[in-house]
Amino acid sequence: MDTLPLNKVVRLLEPGPLVLVTTAHHGRNNIMTMGFHMMVQHDPPLIAFVLGPWDYSYKALVETKECVIAIPGVDLMEKAVDIGNCSGAEVDKFKEFKLDASDAENVKAPLIKQCLANIECRVVNTDLTKKYNLFVVEAVKAWVNSERSEQRIFHHKGDGTFSVDGRTKDLKARMTKWKEITK
Ligand SMILES: Cc1cc2nc3c(=O)[nH]c(=O)nc-3n(C[C@H](O)[C@H](O)[C@H](O)COP(=O)(O)O)c2cc1C
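Using the numbering used here, the first residue of the sequence shown is number 5, and each one after it goes up by one.
Here is the structure:
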C-alpha cells in the first residue's frame, strides 16, 4: 500500500450522495450543494452535516433552524455542481437553474420538484457548530418521487470528479443481525 496525504482522506470517505440543501429566509428561497453529511440515528432519523459560514445559506439555517435536504438524480449533476459554485447572495438559484420550489409541509424551506427525494429537516443540535460548523438535524417529513424514470444518485469523490450509482446487489439475506432495516 502507498501512503495518502492526509488532506486527501476526504476522497476515501466522502462519497455519500451529493445533496442539495434549501433554506428560506426573509421570504427568499435558496439552494446550496453539500457533500459532507452522514446519518446519525435511525429513529427518529437524525442527520449531521457541515455547513460553513462561507455559505450564504448558513445565516438562513442558523436563524430559521430549518432546511430541506433534496437528493438530485444523475440528470441534475451539472446543475448541482453549478449551484455549489455561486452564492444565493447574488443569484436566485431556483430561477437561474430552472428548478421548481414547492411548499413543504412542516418547514418554510422549499422542496425541489425535480429531485428524487426531499427531506424536511429541523435543527436539533448545534453543540459542534461553532467548532466544526456541524449541525444535527431531525428529518420530520420525507418525500420520494417514485414516478421519475431516472432514479440513480451520484457521489462527489472529493476532488471535483463524480461517480454514478451502478448495479445494486441484494444481500438482504445475509443481514441476519439487522433484519429490522431490510424490511
Ligand atoms: C460538490 C460540492 C460539494 C460541497 N459540499 C459542501 C458541504 O458539504 N458543506 C458546505 O458548507 N459547502 C459545500 N459546498 C459549497 C457550497 O455549496 C457553496 O459554497 C455554495 O456556493 C453555497 O451557496 P450559498 O452561498 O448560496 O449558500 C460544496 C460545493 C460543491 C460544488
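Built from N, CA and C at the ideal position, the CB exists for glycine as well.
Just so it is clear, the structure is predicted and the values come from calculations on it, not from any experiment.
Between leucine 55 and methionine 42, the C-beta spacing is not below 9 angstroms. Separation of lysine 187 and phenylalanine 98 (C-alpha to C-alpha, rounded to the nearest whole angstrom) is 36 angstroms. In chain order, Tyr60 place their CB closer than 6 angstroms to the CB of alanine 93, counting only its own chain and leaving out the 5 sequence neighbours on each side.
For threonine 130, the three-state secondary structure derived from DSSP is coil. Counting of Cβ neighbours within 10 angstroms places glycine 170 among the exposed residues, the total staying below 16. Counting only the Cα atoms, isoleucine 87 lies some 29 angstroms from histidine 46.
Of the candidates Asp131, Asp107 and Tyr136, Asp107 places its Cα closest to the Cα of isoleucine 123. Inside the region 23–95, DSSP marks whole beta strand (DSSP E) runs of 3 or more residues at positions 23–29, 32–38, 41–45, 50–54 and 70–75, from first to last along the chain. Collapsing the DSSP output to three states places phenylalanine 101 in coil.
The straight-line gap separating the alpha-carbon atoms of cysteine 119 and alanine 74 is approximately 6 angstroms. At a cut-off of 3 residues, the continuous stretches assigned as beta strand (DSSP E) that sit fully inside the region 155–182 are 158–160 and 166–168. In terms of CA proximity to leucine 115, Asn34 leads the group Leu17, Pro9 and Asn34.
Each of His29, Arg15, Lys63 and Pro48 was checked against the Cα of phenylalanine 40, and the nearest Cα belongs to Arg15. Here DSSP, grouped into helix, strand and coil, assigns valine 14 to helix. Our two residues, aspartate 104 and cysteine 71, have alpha carbons roughly 16 angstroms apart in a direct line.
By the neighbour-count criterion, in which 16 or more other beta carbons inside 10 Å mark a residue as buried, isoleucine 185 falls on the exposed side.
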